[in-house]
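Below is one structure, written out as structure tokens; comments come after it.
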Amino acid sequence: MKIFLHSFLILTLSFSLLGLFTGCGSKFHHQKFYVFGTLVEVSLWGVSEQKASEAINVITQDFQTMHRHWHAWQPSPLTELNQAIAAGEAHTIQEPSLLLLLKKAKRFYNQSDGLFNPTIGQLIGLWGFHNEDLTSHRSLPSSEKIAELVTLSPGMDDIEIEDNRISSRNPAVQFDFGAFAKGYAVDLAVKKLRELGIQNAIVNAGGNLKAMGKKGDKPWLIGIRHPSGKGVLAAVALNEEESVITSGNYERFFEYEGVRYSHIIDPRKGKPVRGLTSVTVINRSGALADAASTALTVAGLQDWHRIARQMNIKYVMLVDEKGTIYMNPTMEMRVQLPAHEKSKVVISEPL
Ligand code: ADP
Ligand code: MG
């Protein structure tokens with residue numbers, strides 16, 4: 118599925134120590150599964166083998182259910198909603214999680230001045246980013262078609278939510294929650310683990326990671342992948358319950374005539390964004406951090422600071438095409454960078 122397509126951007130450093138922990142018995146459990154078209158990894162600390170395996174089964178099923186409910190292209194409750202909107206009809210949603218996604222989407226859309234815009238499914242389809250395999254991409258959309266969709270200007274402010282009845286003033290609205298569904302999914306997964314009595318865990322869905330508790334007496338330490346696609350750029354120790362989300366243009370993109378087109382689209386231009394190669398946001402809410410990492414990628418170096426403030430984001434790290442690393446001061450206090458990267462850091466005004 119396009120929503121959850123690429124492999125993970127964030128590697129938990131702890132995983133590299135996996136051999137050590139599995140050797141010491143029941144303290145550390147780690148399991149991977151493939152769902153949403155992406156690798157999901159669950160790491161648990163301090164529970165019995167049996168409890169870990171039960172919990173991981175529950176989480177696996179939950180992810181599969183979310184995948185079925187939120188799929189933007191294959192038949193799902195979401196595509197039914199999209200069809201109704203395209204036909205100019207109101208639609209009653211039966212799936213509660215979809216309603217919650219829509220409400221969050223409205224809030225993040227407003228806070229980001231519409232740079233996070235999950236109604237641009239038609240543009241995403243036009244560019245071919247709903248295809249799992251982007252390597253076979255052979256052409257670009259026509260400028261007329263792009264201009265047409267930009268002029269139709271779908272947005273979350275076209276949407277009316279009355280109880281669970283959804284209507285749109287604009288039939289060009291086509292929902293695609295790919296920019297924040299994985300972040301929301303890790304929120305729900307961590308919530309479920311807590312309900313199951315687990316206190317220390319990391320759930321990582323394709324680079325969208327949420328941690329709770331600790332790994333023994335130490336905080337979870339995670340690595341943020343280098344935008345070159347190779348190795349780790351920075352390490353961060355996480356607080357009690359936090360998400361780390363990275364949007365990057367180096368995993369989901371296609372190349373045409375030597376130019377790279379990334380899967381994040383500037384809704385104002387109808388075209389893939391350029392400039393930033395990676396944007397990392399830390400926040401308690403995975404859904405917000407995910408929406409923000411996409412919105413800040415669109416905002417670019419000019420506007421990220423303003424949009425981050427509007428979205429109430431406190432920790433941001435951005436990397437541009439030249440490899441310059443931008444951070445706000447409180448982010449700088451948290452990230453550990455290798456010496457050769459430190460000279461590339463530019464510190465912004467506080468958020
Ligand atoms: P990643 O999957 O790398 O974490 P994002 O969270 O930024 O990336 O999500 C990118 C996906 O969001 C795209 O594949 C597309 O489905 C959708 N999308 C692209 N541009 C936007 C945008 N401006 N607003 C909302 N969704 C977008
Ligand atoms: Mg995102």
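Counting the sequence shown from 1 gives a position; our numbering is that position plus 117.
Here a beta-carbon is modelled for each residue, glycine too, at the ideal position from N, C-alpha and C.
Residue i, enclosing beta strand (DSSP E) - first and last residue
i	result
Phe225	Per DSSP, Phe225 belongs to no beta strand (DSSP E); it is in the alpha helix (DSSP H), Pro213 to Gln228.
Glu279	Ile276 to Glu279
Ser284	Arg282 to Ser285
Val390	That residue, Val390, is in no beta strand (DSSP E); it is neither H nor E in DSSP.
Ala318	Ala318 to Ala322
Ile480	There is simply no residue 480 to check, as the chain begins at 118 and stops at 468 in what is shown.
Ile442	Ile442 to Met444
DSSP three-state assignment for residue i, whether helix, strand or coil
i	result
Lys461	coil
Leu308	Before going on, a small fix: residue 308 reads as Lys here, not Leu. Correct three-state label for Lys308: helix.
Lys149	strand
Phe371	strand
Asp437	strand
His184	helix
Ser360	strand
Ser379	strand
Lys262	helix
Ile120	With a pLDDT of only 34 at Ile120, under 50, the local geometry of the prediction cannot be trusted, and the value read off the model is given with reservation. It is coil, neither helix nor strand.
His422	helix
Leu454	coil
Residues that DSSP places opposite residue i in a beta bridge
i	result
Ser165	BP columns for Ser165 are empty, so no partner.
Ala354	Leu338
Tyr432	Ile399
Val290	None; Val290 has no bridge partner.
Closer than 6 Å: residue i CB and nearest the ligand MG heavy atom
i	result
Thr411	yes
Ala296	yes
Ser193	no
Asp407	yes
Ser364	yes
Check: residue i C-beta below 6 Å from any heavy atom of the ligand ADP
i	result
Asn234	yes
Val415	yes
Ile263	no
Ile382	yes
Ile339	no
Phe246	yes
Asp304	no
Asp293	yes
Ile276	no
Ile430	no
Ile241	yes
Element boundaries [alpha helix (DSSP H), containing residue i]
i	result
Lys327	From DSSP, Lys327 is part of no alpha helix (DSSP H) but of the beta strand (DSSP E) over Asn325 to Met329.
Arg255	Unbroken run through Arg255: none, as it is neither H nor E.
Met273	Unbroken run through Met273: none, as it is neither H nor E.
Ile202	Pro194 to Ala203
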